[in-house]
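Chemist: Quick note: the sequence shown uses the numbering used here, first residue -1, plus one each step. Quick one: this structure, given as structure tokens, is what I'll be asking you about.
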Amino acid sequence: MHGDSPYDPDQGDWQTLVTFFSPTEAYVLRGCLQAGGVPAVVADAHLVQTHSLLASAIPVRVMVPAHRLAEAEAVVAAFQRGDFALPDDEDPSP
-1 MHGDSPYDPD QGDWQTLVTF FSPTEAYVLR GCLQAGGVPA VVADAHLVQT HSLLASAIPV
59 RVMVPAHRLA EAEAVVAAFQ RGDFALPDDE DPSP
């Protein structure tokens, strides 16, 4: 499984929430959206990775169901505030 949320016709059409020029950023946000309970998919990441010379011209899309857009925007705002950030000073040892 690639990690994208499964398509459910009951969710309706999917809409682009944000675009990135880095697939990594798109995948991180997708994970945050899914952790927040919002279905999300990353589109065009493989296209960017295949055509790396065109990467600056092909955005990677993070898409969510259209009726969940407001909820997704709230997760994006939390992401931008740093609510999902890990502390730099945390000791990883038990």
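We treat Cβ as the ideally placed atom computed from N, Cα and C, and that holds for glycine. Bear in mind the structure is a predicted one, so any value in this text is a computation, not a measurement.
For Val62 and Asp86, what's the separation of their Cα atoms in angstroms?
Modeler: 30 Å
Chemist: Bridge partners of Arg59, per DSSP?
Modeler: Thr17 and Ala41
Chemist: By Cβ distance, which residues of its chain are closer than 8 Å to Asp11, with the 5 residues on each side in sequence left out?
Modeler: Pro63 and Ala64
Chemist: Rounded to whole angstroms, what is the Cα-Cα separation between Ser54 and Leu67?
Modeler: If I take the Cα positions, the gap works out to 26 Å.
Chemist: If you draw a straight line from the C-alpha of Val60 to the C-alpha of Asp6, how long is it?
Modeler: 17 Å
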